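> Sharing a structure, written as structure tokens. Questions coming.
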Amino acid sequence: MSGSEERTELMRALDVGRHHVLDQLGSLNRADQYRSRVPSGWSPLGLIRHLTLSDERYWFEVVVAGEPLDFWPPGDNGDWVVPDASDPEQIIDDYRLAIANSNRIIAATALDAAPLRPEPGWSETGAFGDLRSILLHTIVETSTHAGQLDVVRELADGGQHIVV
């Protein structure tokens, strides 16, 4: 497989998860977008906020592109917290904007390029040494969260997303 084909396949896999997340969130009514159905307390909108800040912005803007981590919210798990007055459309738009920025960074970066802002300790473990490994990580993370939304959606209204 050529580098171009590999990039295309990695992006396809990431986009499948991203679209699945957006489809599941869009299938929920507004009340269920805010409502937690799990003991840990996260809501579907909180999960989207987490994907925006932790998966898209952190991994691609900060780690890959070296931009500052000046957007992180305060508090434990602050990236999962959605104030009651938040506009769901704005949270979704923020996710879409983060995806567009990530895609721009991914397109401009070689798959074997080292991150511009790695975390201390990664060099000892060999973790996240290039864009390829970061893409694989975010594919797994996004897909995992899409599966969590599948369960929440089924609990909320009985809707099921069957993957064939």
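For the sequence shown, this note's numbering begins at 183 and goes up steadily by one. All C-beta atoms in this analysis are idealised placements derived from N, C-alpha and C, irrespective of residue type, glycine included. This one's a predicted model, so the numbers in the text were calculated from it and none came from an experiment.
1) Mapping DSSP to helix, strand and coil, what is residue 309?
2) Out of curiosity, what's the CA-to-CA distance linking residue 238 and residue 187?
3) Have a look at residue 308 and residue 282 and give me their C-alpha separation to the nearest angstrom.
4) Just mark residue 225 as buried or exposed, buried being the case when its beta carbon has 16 or more other beta carbons within 10 Å.
5) Please state whether DSSP places residue 195 in a helix, a strand or coil.
6) According to DSSP, is residue 322 helix, strand or coil?
7) In whole angstroms, what separates the C-alpha of residue 326 from that of residue 195?
8) So what's residue 248 in DSSP terms, helix, strand or just coil?
9) For residue 343, which of helix, strand or coil comes out of DSSP?
In terms of the structure at hand:
1) Residue 309 sits in coil when the DSSP states are folded into three classes, being neither helix nor strand.
2) 22 Å
3) 28 Å
4) It counts as buried.
5) If DSSP states are grouped into helix, strand and coil, residue 195 belongs with the helices.
6) helix
7) 13 Å
8) DSSP places residue 248 in coil when its eight states are reduced to three.
9) coil
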